[in-house]
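The sequence shown begins at 624 in the working numbering and counts up by one.
One structure below.
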Amino acid sequence: MNQPPAPSPQPPARPERLVIFDTTLRDGEQAPGIALSPDDKVAIATQLARLKVDVIEAGFAASSQGDFEAIRRIAAEVHGPVIAALARTHPDDIDRAAESLASAERSRIHVFMSTSPIHMERMLNITPSEALASIIEGVSRAKTYSDDVEFSPQDATRSDPDFVIETCKAAVAAGATTINIPDTVGYSMPSEFASLIERVVREVRNGDERVIISTHCHNDLGMAVANSLAAIGAGARQIECAVNGIGERAGNTSTEEIIMAVRTRGDHFGVDVGADTTQIFETSRLVSRLTGYPVQFNKAVVGRNAFAHEAGIHQHGVLKHRETYEIMDPATVGQRSLLVLGKHSGRAAFADTLDKMGVVLEDVEFQRAFDRFKELADRKGEIGEEGLRGIIEEETGIAADVVKLVGLHLKGGDQETPVATVRVTRGDEPIEVSAEGDGMVNAAFVALQDAFGIPATLLDYRVVPYTAGADAMAEVSVIIQIGPTTYSGRGVSTDVVEGSARAFVAALNKALTARNGALASGDS
624 MNQPPAPSPQ
634 PPARPERLVI
644 FDTTLRDGEQ
654 APGIALSPDD
664 KVAIATQLAR
674 LKVDVIEAGF
684 AASSQGDFEA
694 IRRIAAEVHG
704 PVIAALARTH
714 PDDIDRAAES
724 LASAERSRIH
734 VFMSTSPIHM
744 ERMLNITPSE
754 ALASIIEGVS
764 RAKTYSDDVE
774 FSPQDATRSD
784 PDFVIETCKA
794 AVAAGATTIN
804 IPDTVGYSMP
814 SEFASLIERV
824 VREVRNGDER
834 VIISTHCHND
844 LGMAVANSLA
854 AIGAGARQIE
864 CAVNGIGERA
874 GNTSTEEIIM
884 AVRTRGDHFG
894 VDVGADTTQI
904 FETSRLVSRL
914 TGYPVQFNKA
924 VVGRNAFAHE
934 AGIHQHGVLK
944 HRETYEIMDP
954 ATVGQRSLLV
964 LGKHSGRAAF
974 ADTLDKMGVV
984 LEDVEFQRAF
994 DRFKELADRK
1004 GEIGEEGLRG
1014 IIEEETGIAA
1024 DVVKLVGLHL
1034 KGGDQETPVA
1044 TVRVTRGDEP
1054 IEVSAEGDGM
1064 VNAAFVALQD
1074 AFGIPATLLD
1084 YRVVPYTAGA
1094 DAMAEVSVII
1104 QIGPTTYSGR
1114 GVSTDVVEGS
1124 ARAFVAALNK
1134 ALTARNGALA
1144 SGDS
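Listed below in structure tokens is the structure:
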């Protein structure tokens, strides 16, 4: 008797798509000391599009004219991702968000309302029924502008779960297609957050494939990424995150960590992302440079030490087989092994190193970077890849400097008042200014303000060494304030005062360029 044919093996199920909703330009920018210009925001949004995130939350349109203009420009100039704008349930907020998104190929209005007792009673002075009515009105109004509407019950993890479910159901009935559950103050633990997400998936989504459940987790207790990953296991299919984990207080869920956790452990999560992971490192560097926020050395995926090996046993293992100590290939995130150049290296070696780093420079930019490299290498001896990237970013800024630093002389000591003399050129005009200060760095800052003719206040000052030792090469990052506006700058040197002066010059040049642009347009 013939046996029936064996059933054909079933192909493995395709992983579900996880939506990456990047809020670097909205929640990320809210971190203290960060003030991105519209040009900065467009530059970051363009890079996020190269990274192929699914949604870019470009800002909070009603918060300021600057935010509105940045969203409007991103909507018109950046293509690929959905462009989202945040709005409270207020009609004016929603109208403003819709106006800012008018030019987008695909847009989303993200509406939020607090649902926790402490927010409703102590901050908003409203009742739960008033909050619910406002949610329905806000989502309904947003739906008249876009088919893509997201709703977030702010501070959901400290809210009554029954009320969270009620508000989310009402939002879906009013037209929301994404329901985002925020752990606004980073209060939840992974197991309890997963339980809440499971309930939202079961009772709000309720099998409706048009509705996506999302998370937005903060890192106050260091649980942002853990909570977000737990939520994926509970059925969430959108994660809201920020590059380098920047954001309010301790920050947001890290975009790069979510992407690489899902890619590396697809066997565990059963989802995949559409991101081009090779763009992760450059995205991280750009965000760090424009925000002035350094990336910690041991930061997962994008930190300087993420793929560095010092212990002999580790080095031996990696040389034998990379996977002995690396669970990710550095190339998949745009990282590379440490490269070292020294003062005896010539143009050919410098060019070959840049080529291996994936850096392409025009002739003039190459010469400026090479000259600066040789100057620093004479003092330092050896310069690694981090140092080279610092030199390149310093010498090849987006805009040409209006004023250039050509000399810095310092005198004074324990018994003398520090005096800094700076020599700069403005066009063909040489300018030399001396000033006293409370320390050498302060004296240089005062002298440069006089040279530029711009009074400024120093808000933030950071020194991050690239290497160890007495001749360490370091990056200095500053944030200055002029009137209501802040500007960031950075400088690289083996001398802290010189690096500080270069950072001040970079920030003051941004201010001068903005002032000249305002005068050219007739603004006062």
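C-beta atoms are modelled at their ideal positions from N, C-alpha and C, and glycine is treated no differently.
From residue i to residue j, what does the alpha carbon distance come to, in whole angstroms?
| i | j | result |
| --- | --- | --- |
| asparagine 803 | cysteine 840 | 10 Å |
| histidine 713 | serine 757 | 8 Å |
| aspartate 645 | glycine 897 | 13 Å |
| valine 762 | valine 772 | 7 Å |
| leucine 962 | arginine 991 | Low confidence applies here, because leucine 962 scores a pLDDT of 43, under 50, leaving its location unreliable and the question unanswered by this model. |
| glutamate 728 | glutamate 700 | 10 Å |
| serine 730 | aspartate 1051 | 48 Å |
| arginine 738 | leucine 999 | Sequence inspection shows threonine at residue 738; the arginine mentioned does not correspond to that position. One C-alpha to the other measures close to 56 Å. |
| threonine 780 | alanine 720 | 26 Å |
| alanine 1126 | aspartate 895 | 41 Å |
| asparagine 1065 | phenylalanine 786 | 54 Å |
| proline 638 | glycine 893 | 5 Å |
| alanine 847 | arginine 888 | 18 Å |
| histidine 733 | valine 834 | 14 Å |
| arginine 995 | alanine 765 | 52 Å |
| alanine 672 | alanine 681 | 12 Å |
| phenylalanine 973 | proline 953 | 22 Å |
| valine 705 | arginine 1046 | 48 Å |
| aspartate 770 | glutamate 760 | 15 Å |
| glycine 981 | methionine 883 | 21 Å |
| proline 740 | valine 1120 | 51 Å |
| leucine 1135 | valine 1026 | 9 Å |
| valine 642 | valine 823 | 17 Å |
Excluding five sequence neighbours on each side, which residues of the same chain lie with their C-beta closer than 6 Å to the C-beta of residue i?
| i | result |
| --- | --- |
| isoleucine 903 | Glu879, Val956 and Gly957 |
| threonine 1040 | Glu1059 |
| glycine 1035 | Pro1041 and Val1042 |
| phenylalanine 1068 | Phe1127 |
For residue i, which residues in the same chain have their Cβ closer than 8 Å to its Cβ, ignoring the five residues on either side in sequence?
| i | result |
| --- | --- |
| serine 851 | Thr838, Cys840, Ala859, Ile862, Cys864, Thr876 and Ile881 |
| glutamate 933 | Low confidence applies to glutamate 933: its pLDDT is 48, below 50, so where it sits in the model is not reliable, and the reading given next is rough at best. If we look at glutamate 933 and ignore the five residues flanking it on each side, it has no Cβ neighbours. |
| aspartate 843 | Val808, Gly809, Tyr810, Arg872 and Ala873 |
| alanine 1130 | Ala1079, Val1101, Ile1102, Ile1103, Tyr1110, Ser1111 and Gly1112 |
| leucine 913 | Leu659, Asp663, Ala666, Ile667 and Ser1111 |
| valine 827 | Ile788, Cys791, Lys792, Val795, Ile802, Val834 and Ile836 |
In three-state terms, what does DSSP make of residue i?
| i | result |
| --- | --- |
| alanine 1000 | helix |
| asparagine 875 | strand |
| isoleucine 643 | strand |
| serine 911 | helix |
| alanine 923 | coil |
| alanine 708 | strand |
| glycine 1122 | helix |
| isoleucine 694 | helix |
| isoleucine 732 | strand |
| threonine 800 | coil |
| valine 895 | Checking the sequence shown, residue 895 turns out to be aspartate, not valine. Reduced to three states, the DSSP call for aspartate 895 is strand. |
| serine 737 | strand |
| valine 1026 | strand |
| valine 1115 | strand |
| proline 917 | coil |
| threonine 947 | helix |
| isoleucine 1014 | helix |
| valine 963 | Legend: pLDDT at valine 963 = 48, less than 50; position of this residue unreliable, value from coordinates given subsequently. Strand, per DSSP. |
| arginine 888 | coil |
| proline 953 | helix |
| arginine 1138 | helix |
| threonine 750 | coil |
| phenylalanine 989 | helix |
| histidine 713 | coil |
So, at 7 Å on beta carbons, what are the nonlocal neighbours of residue i in its own chain, with the 5 sequence-adjacent residues on each side left out?
| i | result |
| --- | --- |
| aspartate 831 | none |
| serine 907 | Val866, Asn867, Glu879, Val918 and Val925 |
| threonine 1172 | Given that the chain is displayed from residue 624 to residue 1147, the structure contains no residue 1172 and the question cannot be resolved. |
| phenylalanine 691 | Ala684, Arg719 and Ser723 |
| aspartate 985 | In the sequence as displayed, the identity of residue 985 is glutamate instead of aspartate. Same-chain partners within the cutoff: there are none. |
| serine 777 | The sequence given here places glutamine at residue 777; serine does not occur at that position. Taken in chain order, the residues that qualify are Phe735, Met736, Ser737, Thr738, His742, Pro805 and Thr807. |
| histidine 1182 | Because the chain spans 624 through 1147 in this model, residue 1182 falls outside it and cannot be assessed. |
Whole-angstrom Cβ separation of residue i and residue j, contact assumed at under 8 Å?
| i | j | result |
| --- | --- | --- |
| tyrosine 1084 | isoleucine 657 | No, tyrosine 1084 and isoleucine 657 are not in contact; Cβ-Cβ is about 15 Å, not under 8 Å. |
| alanine 1074 | alanine 1043 | So it is not a contact: roughly 11 Å between Cβ atoms. |
| isoleucine 679 | isoleucine 697 | 7 Å |
| alanine 774 | alanine 754 | Correcting the residue identity first, residue 774 is phenylalanine in this sequence and not alanine. No, phenylalanine 774 and alanine 754 are not in contact; Cβ-Cβ is about 12 Å, not under 8 Å. |
So, does the CB of residue i fall closer than 8 Å to a CB anywhere in chain B?
| i | result |
| --- | --- |
| leucine 999 | No chain B appears in this structure, which consists of one protein chain only. |
Complete alpha helix (DSSP H) runs within the region 1029-1113 (minimum length 4 residues, chain order): Whole alpha helix (DSSP H) segments, 4+ residues: 1063-1075.
List in chain order: all unbroken alpha helix (DSSP H) runs of 4+ residues lying wholly within the region 803-885. Runs of the alpha helix (DSSP H) lying entirely within the region 803-885, each at least 4 residues long, are 813-823 and 847-856 in chain order.
Hey, which unbroken runs of the alpha helix (DSSP H) at 4 residues or more fall wholly within the region 761-785? For the region 761-785, not a single whole alpha helix (DSSP H) run of length 4 or above is found.
Taking only runs that begin and end inside the region 653-702, name each unbroken beta strand (DSSP E) of 3 or more residues, in chain order. Within the region 653-702, the complete beta strand (DSSP E) segments of 3 residues or longer fall at 678-683, listed in chain order.
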